[in-house]
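Below is one structure, written out as C-alpha coordinates, with a few remarks after it.
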Amino acid sequence: MRCPFCRDGDSRVLDSRDGDDGTVVRRRRACQECGRRFTTVESVSLQVLKRSGTSEPFSRDKVVTGVRKACQGRPVDEDALARLAQQVEDAVRVGGGCEVPAHEVGLAILGPLRELDEVAYLRFASVYRSFDSLADFESEIALLRHEIEARTATDSSTDSQDRHPQPAPAGA
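In this text, residue positions in the sequence shown follow this note's numbering: the first is 29, and each later residue adds one.
Structural data, given as C-alpha coordinates:
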(Lines of atoms letter the chains of each structure in order from A; the text may use other names.)
(Lines give C-alpha, C1' and ligand atoms only; values in the text may rest on other atoms or scores of the structure.)
Protein backbone atom coordinates (compact mmCIF):
# COMPACT_ATOMS: atom_id res chain seq x y z
CA MET A 29 0.00 0.00 0.00
CA ARG A 30 1.45 3.35 -1.04
CA CYS A 31 1.71 6.13 1.51
CA PRO A 32 -0.65 8.99 0.53
CA PHE A 33 1.93 11.52 1.81
CA CYS A 34 5.31 10.45 0.40
CA ARG A 35 4.14 7.80 -2.12
CA ASP A 36 6.52 5.18 -0.67
CA GLY A 37 5.30 1.62 -1.20
CA ASP A 38 6.30 0.23 2.18
CA SER A 39 3.84 0.56 5.05
CA ARG A 40 3.23 -1.43 8.21
CA VAL A 41 -0.19 -2.43 9.57
CA LEU A 42 -0.67 -1.19 13.14
CA ASP A 43 -4.29 -2.19 13.73
CA SER A 44 -7.10 -4.00 11.86
CA ARG A 45 -10.80 -3.85 12.64
CA ASP A 46 -13.82 -5.43 10.99
CA GLY A 47 -16.74 -3.23 10.05
CA ASP A 48 -20.08 -3.52 8.24
CA ASP A 49 -20.85 -7.06 9.39
CA GLY A 50 -17.42 -8.37 8.37
CA THR A 51 -17.57 -7.20 4.76
CA VAL A 52 -15.11 -4.34 5.35
CA VAL A 53 -11.73 -4.20 7.11
CA ARG A 54 -10.30 -0.91 8.34
CA ARG A 55 -6.53 -0.92 8.72
CA ARG A 56 -4.42 1.70 10.47
CA ARG A 57 -1.01 1.86 8.80
CA ALA A 58 2.34 3.60 9.33
CA CYS A 59 4.65 4.54 6.47
CA GLN A 60 8.14 3.06 6.92
CA GLU A 61 9.72 6.00 5.05
CA CYS A 62 8.10 9.17 6.46
CA GLY A 63 6.54 7.70 9.63
CA ARG A 64 3.11 9.24 9.03
CA ARG A 65 -0.03 7.24 9.74
CA PHE A 66 -3.05 6.67 7.53
CA THR A 67 -6.14 4.47 7.34
CA THR A 68 -7.17 2.13 4.55
CA VAL A 69 -10.55 0.51 4.04
CA GLU A 70 -10.65 -2.85 2.29
CA SER A 71 -13.82 -4.53 1.10
CA VAL A 72 -14.60 -7.75 -0.68
CA SER A 73 -15.77 -7.08 -4.19
CA LEU A 74 -18.80 -9.05 -5.34
CA GLN A 75 -18.90 -9.41 -9.12
CA VAL A 76 -21.99 -10.27 -11.17
CA LEU A 77 -21.31 -12.47 -14.19
CA LYS A 78 -23.69 -11.44 -16.95
CA ARG A 79 -25.05 -13.71 -19.69
CA SER A 80 -22.81 -11.97 -22.21
CA GLY A 81 -19.76 -13.24 -20.30
CA THR A 82 -18.77 -9.84 -18.91
CA SER A 83 -18.76 -9.10 -15.22
CA GLU A 84 -19.56 -5.97 -13.26
CA PRO A 85 -19.60 -5.07 -9.57
CA PHE A 86 -22.81 -5.95 -7.68
CA SER A 87 -24.92 -2.84 -7.19
CA ARG A 88 -27.78 -2.47 -4.73
CA ASP A 89 -28.85 0.58 -6.72
CA LYS A 90 -29.27 -1.56 -9.81
CA VAL A 91 -31.44 -4.02 -7.84
CA VAL A 92 -33.57 -1.14 -6.52
CA THR A 93 -33.94 0.35 -10.01
CA GLY A 94 -35.14 -2.96 -11.48
CA VAL A 95 -37.54 -3.68 -8.63
CA ARG A 96 -38.82 -0.08 -8.59
CA LYS A 97 -40.09 -0.58 -12.16
CA ALA A 98 -42.07 -3.63 -11.06
CA CYS A 99 -43.42 -1.68 -8.06
CA GLN A 100 -44.54 1.31 -10.10
CA GLY A 101 -47.97 2.42 -8.89
CA ARG A 102 -47.84 0.03 -5.93
CA PRO A 103 -47.79 1.06 -2.24
CA VAL A 104 -44.08 0.28 -1.77
CA ASP A 105 -41.79 2.87 -0.20
CA GLU A 106 -38.09 3.51 -0.77
CA ASP A 107 -37.12 2.06 2.62
CA ALA A 108 -38.73 -1.25 1.70
CA LEU A 109 -36.82 -1.27 -1.60
CA ALA A 110 -33.55 -0.57 0.24
CA ARG A 111 -34.25 -3.45 2.67
CA LEU A 112 -35.05 -5.74 -0.25
CA ALA A 113 -31.75 -4.81 -1.95
CA GLN A 114 -29.89 -5.57 1.30
CA GLN A 115 -31.64 -8.96 1.55
CA VAL A 116 -30.65 -9.74 -2.03
CA GLU A 117 -27.02 -8.80 -1.39
CA ASP A 118 -26.94 -10.89 1.79
CA ALA A 119 -28.44 -13.85 -0.06
CA VAL A 120 -25.91 -13.78 -2.90
CA ARG A 121 -22.97 -13.25 -0.51
CA VAL A 122 -23.94 -16.35 1.49
CA GLY A 123 -22.59 -18.48 -1.36
CA GLY A 124 -19.12 -17.30 -0.40
CA GLY A 125 -17.92 -16.75 -3.96
CA CYS A 126 -16.61 -13.48 -5.29
CA GLU A 127 -18.50 -13.91 -8.58
CA VAL A 128 -22.20 -14.74 -8.87
CA PRO A 129 -24.18 -15.34 -12.07
CA ALA A 130 -26.80 -12.67 -12.86
CA HIS A 131 -29.42 -15.44 -12.88
CA GLU A 132 -28.80 -16.05 -9.16
CA VAL A 133 -29.27 -12.35 -8.41
CA GLY A 134 -32.66 -12.51 -10.16
CA LEU A 135 -33.64 -15.60 -8.15
CA ALA A 136 -32.58 -13.86 -4.95
CA ILE A 137 -34.91 -10.96 -5.81
CA LEU A 138 -38.00 -13.11 -6.36
CA GLY A 139 -38.46 -14.37 -2.77
CA PRO A 140 -38.29 -11.04 -0.92
CA LEU A 141 -40.31 -9.32 -3.65
CA ARG A 142 -43.09 -11.90 -3.31
CA GLU A 143 -43.26 -11.09 0.42
CA LEU A 144 -43.19 -7.35 -0.27
CA ASP A 145 -45.87 -7.09 -2.96
CA GLU A 146 -47.50 -9.89 -4.95
CA VAL A 147 -48.42 -7.72 -7.94
CA ALA A 148 -44.88 -6.37 -8.22
CA TYR A 149 -43.64 -9.96 -7.89
CA LEU A 150 -45.81 -11.06 -10.82
CA ARG A 151 -44.60 -8.13 -12.92
CA PHE A 152 -40.95 -8.88 -12.16
CA ALA A 153 -41.35 -12.64 -12.60
CA SER A 154 -43.11 -12.16 -15.94
CA VAL A 155 -40.07 -10.34 -17.32
CA TYR A 156 -37.41 -12.35 -15.47
CA ARG A 157 -38.89 -15.73 -16.37
CA SER A 158 -40.02 -14.58 -19.84
CA PHE A 159 -43.71 -15.39 -19.54
CA ASP A 160 -45.00 -16.15 -23.03
CA SER A 161 -48.70 -16.61 -22.46
CA LEU A 162 -51.63 -16.09 -20.17
CA ALA A 163 -51.14 -19.68 -18.99
CA ASP A 164 -47.76 -18.68 -17.50
CA PHE A 165 -49.46 -15.95 -15.45
CA GLU A 166 -52.29 -18.30 -14.44
CA SER A 167 -49.91 -20.99 -13.19
CA GLU A 168 -47.88 -18.45 -11.20
CA ILE A 169 -51.05 -16.99 -9.66
CA ALA A 170 -52.25 -20.51 -8.79
CA LEU A 171 -48.92 -21.18 -7.08
CA LEU A 172 -49.21 -17.93 -5.10
CA ARG A 173 -52.78 -18.79 -4.05
CA HIS A 174 -51.70 -22.26 -2.95
CA GLU A 175 -48.88 -20.81 -0.83
CA ILE A 176 -51.22 -18.25 0.76
CA GLU A 177 -53.81 -20.93 1.55
CA ALA A 178 -51.13 -23.18 3.08
CA ARG A 179 -49.79 -20.28 5.16
CA THR A 180 -53.32 -19.32 6.28
CA ALA A 181 -54.12 -22.92 7.25
CA THR A 182 -50.90 -23.17 9.26
CA ASP A 183 -51.56 -19.85 11.00
CA SER A 184 -55.15 -20.76 11.88
CA SER A 185 -54.17 -24.18 13.24
CA THR A 186 -51.49 -22.54 15.40
CA ASP A 187 -54.02 -19.97 16.65
CA SER A 188 -56.60 -22.64 17.52
CA GLN A 189 -53.97 -24.64 19.42
CA ASP A 190 -53.07 -21.52 21.37
CA ARG A 191 -56.73 -20.93 22.29
CA HIS A 192 -57.51 -24.61 23.02
CA PRO A 193 -54.41 -26.26 24.43
CA GLN A 194 -54.42 -30.04 24.34
CA PRO A 195 -54.63 -31.75 27.74
CA ALA A 196 -51.37 -33.23 28.99
CA PRO A 197 -51.15 -37.02 28.67
CA ALA A 198 -51.97 -38.97 31.84
CA GLY A 199 -48.93 -39.65 33.99
CA ALA A 200 -46.88 -36.81 32.55
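The beta carbon of each residue, even a glycine, is placed where N, CA and C say it ideally should be.
Nearest neighbour of residue i, chosen from the options [CA to CA]
| i | options | result |
| --- | --- | --- |
| P32 | S44, L42, R56 and F66 | F66 |
| P129 | S80, V52, R30 and G63 | S80 |
| R88 | Q115, D105 and G101 | Q115 |
| R56 | E132, L135, V72 and T68 | T68 |
| Y149 | G123, S39 and L109 | L109 |
| S44 | A58, E127, V147 and D36 | A58 |
| R64 | A181, L42 and E70 | L42 |
| V52 | C34, V72 and D145 | V72 |
| K78 | R111, Q60 and V133 | V133 |
| L144 | R40, V104 and G37 | V104 |
| C83 | E127, R179 and I176 | Here residue 83 turns out to be Ser, not Cys, going by the sequence shown. Looking at the Cα atoms, E127 is the closest of the given residues. |
| P140 | S167, E117, E70 and I169 | E117 |
Close beta carbons around residue i, own chain, < 6 Å, minus the five adjacent residues each side
| i | result |
| --- | --- |
| F86 | L74 and V76 |
| A119 | A136 |
| V92 | L109 and A113 |
| R142 | Y149 |
| G47 | R54 |
| R30 | G37 |
Three-state secondary structure (DSSP) of residue i
| i | result |
| --- | --- |
| F66 | strand |
| R79 | coil |
| P85 | strand |
| G94 | helix |
| S161 | coil |
| S167 | helix |
| S154 | helix |
| A200 | Low per-residue confidence applies at A200: pLDDT is 47, beneath 50, and the placement is therefore not dependable, though the value from the model is reported in the following sentence. In this structure, A200 counts as coil in the three-state DSSP scheme. |
| L42 | strand |
| R142 | helix |
| V72 | coil |
| R35 | coil |
| R30 | coil |
Spatial neighbours of residue i in its chain, beta-carbon cut-off 8 Å, leaving aside the 5 residues before and after
| i | result |
| --- | --- |
| L138 | Y149, F152, A153 and Y156 |
| F165 | L150, S154 and F159 |
| R102 | D145, V147 and A148 |
The ligand ZN heavy atom lying under 8 Å from the CB of residue i
| i | result |
| --- | --- |
| A110 | Looking for the ligand ZN in the displayed structure turns up nothing, as the structure carries no ligands at all. |
Same chain only: Cβ atoms within 7 Å of residue i, ignoring 5 sequence neighbours per side
| i | result |
| --- | --- |
| E146 | L172 |
| R40 | R57, A58 and Q60 |
Kindly provide the ranges of any alpha helix (DSSP H) runs that are 4 or more residues long and lie completely inside the segment 103-138, ordered along the chain.
Contiguous alpha helix (DSSP H) elements confined to the segment 103-138 occur at 106-121, taking only those with 4 or more residues.
Taking 8 Å as the threshold, find out whether the segment 141-159 comes into contact with the segment 94-103 through three or more Cβ pairs.
With a cut-off of 8 Å, the segment 94-103 and the segment 141-159 count as touching, because enough Cβ pairs lie within range.
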